[in-house]
Amino acid sequence: MKLNQIPVRQMKGVSAQKEQELHAFGIHTIADLLDYFPFRYEDYRVRGLAETKSGEKGTVQGTIVGNPILQRYGRAKTRLTCKVAVDGILLTAVWFNRHFLQDQLTPSREIILTGKWEQQRLQLTVSSSEFPDSASARAGTLQPVYSVGGSITQSWIRKIIGLALQQYGAMMEEMLPVSLIDKYKLMPRREAVTRIHQPEDTTEGQAARRRLVYEELFLFQLKLQAYRSLNRKRMDGTAHVVDAESIRVFVRTLPFELTDSQKKVVNEILTDLRQPYCMNRLLQGDVGSGKTVVAAIALFAAVKAGFQGALMVPTEILAEQHLRSLQKLFAAAGLEVGLLTGSMGERKRRDVLAGLQMGLIDVIVGTHAIIQEGVNFRNLSLVVTDEQHRFGVNQRSILRRKGLNPDVLTMTATPIPRTLAITAFGDLDVSTLRERPQGRKPIKTYWVKHGMLDRVLGFIRREVDNGQQAYFICPLIEESEKLDVQNAIDLHIQIQQAFPDMRVGLLHGRLSASEKDETMGAFGRNEIHVLVATTVVEVGVDVPNATLMIVMDAERFGLSQLHQLRGRVGRGAHQSYCVLIADPKSETGRERMKVMTETEDGFEVARRDLELRGPGDFFGTKQSGVPDFKLADMAADFEVLEQAREDAAELTANADFWKEAAYARLREILKQDQLFQGDLLD
Ligand code: ADP
Ligand code: MG
1 MKLNQIPVRQ MKGVSAQKEQ ELHAFGIHTI ADLLDYFPFR YEDYRVRGLA ETKSGEKGTV
61 QGTIVGNPIL QRYGRAKTRL TCKVAVDGIL LTAVWFNRHF LQDQLTPSRE IILTGKWEQQ
121 RLQLTVSSSE FPDSASARAG TLQPVYSVGG SITQSWIRKI IGLALQQYGA MMEEMLPVSL
181 IDKYKLMPRR EAVTRIHQPE DTTEGQAARR RLVYEELFLF QLKLQAYRSL NRKRMDGTAH
241 VVDAESIRVF VRTLPFELTD SQKKVVNEIL TDLRQPYCMN RLLQGDVGSG KTVVAAIALF
301 AAVKAGFQGA LMVPTEILAE QHLRSLQKLF AAAGLEVGLL TGSMGERKRR DVLAGLQMGL
361 IDVIVGTHAI IQEGVNFRNL SLVVTDEQHR FGVNQRSILR RKGLNPDVLT MTATPIPRTL
421 AITAFGDLDV STLRERPQGR KPIKTYWVKH GMLDRVLGFI RREVDNGQQA YFICPLIEES
481 EKLDVQNAID LHIQIQQAFP DMRVGLLHGR LSASEKDETM GAFGRNEIHV LVATTVVEVG
541 VDVPNATLMI VMDAERFGLS QLHQLRGRVG RGAHQSYCVL IADPKSETGR ERMKVMTETE
601 DGFEVARRDL ELRGPGDFFG TKQSGVPDFK LADMAADFEV LEQAREDAAE LTANADFWKE
661 AAYARLREIL KQDQLFQGDL LD
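Numbering follows full-length UniProt numbering, with no gaps: position 282 of the sequence shown is 282.
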């Protein structure tokens, strides 16, 4: 029987109700219980009075002198005082609402007191006390402090974990290979788990923590690295035959010269495409850095090699836009581009499906609809996802079930700080577009108060008179009194009334796909001058003639989102502006406006965003792939994380890892992870 197979209910003292409550803390088995680590310790070690600072908590030992005095006040409130001699000083010990102690406080008895020491009044306000002559568990120790709640109290969980250590401690198994334990002089697992719960002193507690933090980060990295290494070894991807000359000819048909960054990234991708392993690459580049054309070249290469490609995007607006730009880019080369979205009519859809199956369509652009059941390809070999954070294991397995194992290129405009890149995306290879196309002027960003709306309107007038266009973003579409946000429809009316001579468009999530498409198309052709919109334009939208981005109630948006919105302008040669309208009451809100006006560098914005929000919230959703570590702290333990990553990469690259008995335990752990779904190992 393994500890992770023994339900916690087996412990004496764990009732059905306690069990339910433990489940809420993620404790189901004995293994979970033993791995329920304290987050700090309370110090009950006895110290001299001289070492205890006035105003702080300390533990001292002394002798009771004289008789206790009990005072009653209020309703059932008591104050008990007694003189105690400690280190030659006569102090007054004070207990509140502990009248039952009165009889035990007998002169000349030894006592251990923990509480707040006030030097001036020679008084110690006792929070806990005990007598050395009665068997006591706490005195002289560091007591672990756990996260608890409900009927699970500190003392109860201490007791139950103590019992579990006694009863099952010997069954704990080592997980880390000897080589790593030796390399970092780590405590063996059994000792570390015992010591983190019951340390003799702080040094021991720290050593135990160090070992367990390393273990946690190493196991996490091992999964990512093993996944990557298996993927490389399996050789079941497509080895595209890419003819360099045909790529060169295609690139020459583009309306601009590629930046050096784009060239470098294209080469990294083409190298992957030629290899028989499955590409699993992340392309990160700030907004406007020109990722679309990189995707187009990759898709072109796949088609030239005789296969089909897909471009997956999060919204239908974006799908339409990419369809148009790919059709333009591929026109000269004669590639057939198709569109597949969820809201498409049945007839059209059937045509597209047939085209894909027969191979009449070379490149399909669409939302998630393109990898769903019922969609069959003739020979899909490359999937590019745009503005999406992750092409998950699930999506891969859907494709694999259809016998497809395409190369995957994930593009993101949210620059990822290094900390997150090696945690969330540790299994991917990363390409980065570091520069933007030449001739772009920095976007000027202003933060204004609501009262300055007139000036903002003047700004719109000026840009439109110059032949440019503007976005006006409002946070929500429906009236919500609670949030007090500007309603998009109201704003649309308001702006149209302010500018009767202009065409003001409205775009929000409630419109039908064809209405959205029509509006976006008109905006793209400069038939609409001002586009009032919700965040549906947040990602990817590319209208280079738009030079003004106005965001209403900007404090309601996250930093990365604001940066994304700002990235909708500054895409052409004209000077662009971003105006953030906000009266933030919160510190975070003001901080965000400050960051936005201070920097235009997406990597810097991302770094500050991470600082303000913490890694868990960084991507806004749980698909971020950033795990909740039990013990490790992404910031504080970052060096350990990097070390663990190196160790895991080295280990999984070594053939021994996949066969030697010494690593059987680790392979076992991998097999249990859904990332491997059983079919990748053995
Ligand atoms: P993003 O990285 O934000 O997706 P896009 O791919 O939409 O950026 O490109 C932004 C704009 O820059 C587009 O209008 C595109 O045509 C243009 N562009 C891309 N690469 C270059 C280049 N090398 N030189 C000039 N303009 C470019
Ligand atoms: Mg884009």
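We put the beta carbon where it would ideally sit given N, CA and C, even for glycine.
Given the structure is predicted, the values throughout are model-derived calculations rather than measurements.
Quiz item: What are the boundary residues of the alpha helix (DSSP H) that residue 602 is part of?
Solution: The count along the sequence shown starts at 1 and reaches residue 602 at position 602. 602-613 is the span of the alpha helix (DSSP H), which, as asked, contains residue 602.
Quiz prompt | Boundaries (first-last residue) of the beta strand (DSSP E) holding residue 407 | solution = The residue labelled residue 407 in the question sits at position 407 within the sequence shown. Residue 407 -> beta strand (DSSP E) spans 407-412.
Practice problem: Please confirm if the region 195-203 is in contact with the region 33-53, defined as three or more CB-CB distances below 8 Å between the two stretches. | Solution: Per the Cβ contact rule, the region 195-203 is in contact with the region 33-53 (3 or more Cβ pairs under 8 Å).
Quiz prompt | Where the alpha helix (DSSP H) through residue 387 begins and ends | solution = The residue given as residue 387 occupies position 387 in the sequence shown. Element bounds for residue 387: n/a, residue is neither H nor E.
Exercise. Please state whether DSSP places residue 114 in a helix, a strand or coil.
Key: Translated into positions along the sequence shown, residue 114 becomes position 114. The three-state secondary structure of residue 114, taken from DSSP, is strand.
Practice problem: Inspect the beta-carbon positions of residue 91 and residue 122 and report whether they are closer than 9 Å. | Solution: Within the sequence shown, the letter at position 91 stands for residue 91. Within the sequence shown, the letter at position 122 stands for residue 122. Their beta carbons are under 9 Å apart, which means residue 91 touches residue 122 by this criterion.
Quiz item: Could you give the distance in angstroms between the alpha-carbon of residue 251 and the alpha-carbon of residue 435?
Solution: On the sequence shown, position 251 is the one that residue 251 refers to. On the sequence shown, position 435 is the one that residue 435 refers to. Distance between the alpha carbons of residue 251 and residue 435: 19 Å.
Quiz item: Okay, do the region 344-356 and the region 281-301 touch, 3+ Cβ pairs below 8 Å being the bar?
Solution: no
Quiz prompt | Cβ-Cβ distance between residue 380 and residue 308 below 9 Å | solution = Position 380 of the sequence shown, counting from 1, holds the residue named residue 380. Position 308 of the sequence shown, counting from 1, holds the residue named residue 308. Contact flag set, yes.
Quiz item: Between which two residues does the alpha helix (DSSP H) carrying residue 596 extend?
Solution: Here residue 596 refers to the residue found at position 596 when the sequence shown is read from its first residue. Counting along the chain, the alpha helix (DSSP H) containing residue 596 begins and ends at 587-598.
Quiz prompt | beta-carbon residue 656 near the ligand ADP non-hydrogen atom, thresh 8 Å | solution = Translated into positions along the sequence shown, residue 656 becomes position 656. The answer is no for residue 656.
Quiz item: Okay, do the region 530-537 and the region 450-458 touch, 3+ Cβ pairs below 8 Å being the bar?
Solution: no
Quiz item: Got a sec? Which residues, its chain only, sit under 7 Å from residue 415 by beta carbon, not counting five neighbours each side?
Solution: Within the sequence shown, numbered from 1, the residue matching residue 415 stands at position 415. The beta carbon of residue 415 is closer than 7 Å to those of 284, 286, 602, 603, 606 in its chain, skipping five residues each way along the sequence.
Quiz item: Cβ-heavy atom distance between residue 524 and the ligand ADP below 8 Å?
Solution: Taking the sequence shown and counting its residues from 1, one reaches residue 524 at position 524. No, the ligand ADP has no heavy atom inside 8 Å of this Cβ.
Quiz item: In this structure, what does DSSP give as the bridge partners for residue 518?
Solution: Within the sequence shown, residue 518 is the residue found at index 518, counting from 1. In DSSP, residue 518 forms no bridge with anything.
Quiz item: With distances taken between CB atoms, is the gap from residue 386 to residue 322 smaller than 9 Å?
Solution: Stepping through the sequence shown from its first residue, residue 386 is reached at position 386. Stepping through the sequence shown from its first residue, residue 322 is reached at position 322. Yes, the Cβ-Cβ distance between residue 386 and residue 322 is below 9 Å.
Quiz item: From residue 89 to residue 54, what does the alpha carbon distance come to, in whole angstroms?
Solution: If you number the sequence shown from 1, residue 89 lands on position 89. If you number the sequence shown from 1, residue 54 lands on position 54. So the two alpha carbons sit approximately 14 Å from each other.
Practice problem: Thinking residue 473 and residue 565 are a contact (beta carbons under 8 Å), I'd like their distance in whole angstroms, please. | Solution: To locate residue 473, count along the sequence shown from 1; it is residue 473. To locate residue 565, count along the sequence shown from 1; it is residue 565. Rounded, the Cβ-Cβ distance is 6 Å, consistent with contact.
Exercise. Just list the alpha helix (DSSP H) runs in the region 319-399, keeping only unbroken ones of 4 residues or longer that don't cross its boundaries, in chain order.
Key: Within the region 319-399, the complete alpha helix (DSSP H) runs of at least 4 residues are 346-358.
Self-check item: 8 Å Cβ shell around residue 357 - same chain, five flanking residues per side excluded
Solution: Position 357 of the sequence shown, counted from the first residue, corresponds to residue 357. Hits under 8 Å: 376, 377, 378.
Practice problem: Quick one: measure Cβ to Cβ for residue 5 and residue 648, integer angstroms, because I've assumed they're closer than 8 Å. | Solution: As a position in the sequence shown, residue 5 is number 5, starting the count at 1. As a position in the sequence shown, residue 648 is number 648, starting the count at 1. About 26 Å; that fails the 8 Å criterion.
Quiz prompt | Minimum C-alpha distance to residue 560 - residue among 327, 532, 595, 103 | solution = Numbered from its first residue, the sequence shown carries residue 560 at position 560. Here the closest residue by C-alpha is 595.
Quiz item: So is the beta-carbon of residue 571 under 8 Å away from any non-hydrogen atom of the ligand ADP?
Solution: Here residue 571 refers to the residue found at position 571 of the sequence shown. Yes - the ligand ADP has a heavy atom lying nearer than 8 Å to the Cβ of residue 571.
Exercise. Tell me, please, whether the region 160-168 touches the region 11-26 by the rule of three or more beta-carbon pairs shorter than 8 Å.
Key: yes
Practice problem: Name the residue from 409, 291, 330, 264 whose alpha carbon lies nearest to the alpha carbon of residue 706. | Solution: A query on residue 706 cannot be resolved here, the shown segment of the chain reaching from 1 to 682 and no further.
Quiz item: So what does DSSP say about residue 10, is it helix, strand or coil?
Solution: Residue mapping note: residue 10 aligns to position 10 of the sequence shown, counting from 1. DSSP places residue 10 in helix when its eight states are reduced to three.
Exercise. Have a look at residue 125 and residue 116 and give me their C-alpha separation to the nearest angstrom.
Key: If you number the sequence shown from 1, residue 125 lands on position 125. If you number the sequence shown from 1, residue 116 lands on position 116. The alpha-carbon atoms of residue 125 and residue 116 are separated by roughly 5 Å.
Quiz item: Per DSSP, which one or two residues make a beta bridge with residue 449?
Solution: Within the sequence shown, the letter at position 449 stands for residue 449. DSSP output for residue 449 lists no bridge partner at all.
Exercise. Please classify residue 663: does DSSP put it in a helix, a strand, or coil?
Key: As a working mapping, residue 663 is identified with position 663 in the sequence shown. Here residue 663 sits in helix by DSSP.
Quiz prompt | Supposed close pair residue 384, residue 326 - CB separation, criterion 8 Å | solution = Numbered from its first residue, the sequence shown carries residue 384 at position 384. Numbered from its first residue, the sequence shown carries residue 326 at position 326. Not a contact, Cβ separation roughly 11 Å.
Self-check item: Assigned exposure category for residue 243 - 16 Cβ within 10 Å defines buried
Solution: As a working note, residue 243 is residue 243 in the sequence shown. Classification for residue 243: exposed.
Quiz item: Are the CB atoms of residue 526 and residue 469 nearer to each other than 9 Å?
Solution: Taking the first residue of the sequence shown as 1, we reach residue 526 at position 526. Taking the first residue of the sequence shown as 1, we reach residue 469 at position 469. Taking 9 Å as the Cβ cut-off, residue 526 and residue 469 qualify as a contacting pair.
Quiz prompt | Per-residue DSSP class, three states only, for residue 257 | solution = Here residue 257 corresponds to residue number 257 of the sequence shown, with the count starting at 1. Residue 257 falls in the coil class under three-state DSSP.
Quiz item: If you run the structure through DSSP and keep just helix, strand and coil, what is residue 42?
Solution: The residue you call residue 42 lines up with position 42 of the sequence shown. In the structure shown, residue 42 sits in a strand (DSSP, three-state: E or B).
Quiz item: What is the rounded straight-line gap between the Cα of residue 546 and the Cα of residue 431?
Solution: Here the question's residue 546 lines up with position 546 in the sequence shown. Here the question's residue 431 lines up with position 431 in the sequence shown. One C-alpha to the other measures close to 29 Å.
Practice problem: Please name the residue or residues paired with residue 496 in a DSSP beta bridge. | Solution: Taking the first residue of the sequence shown as position 1, residue 496 is located at position 496. Answer is none; residue 496 lacks a bridge partner.
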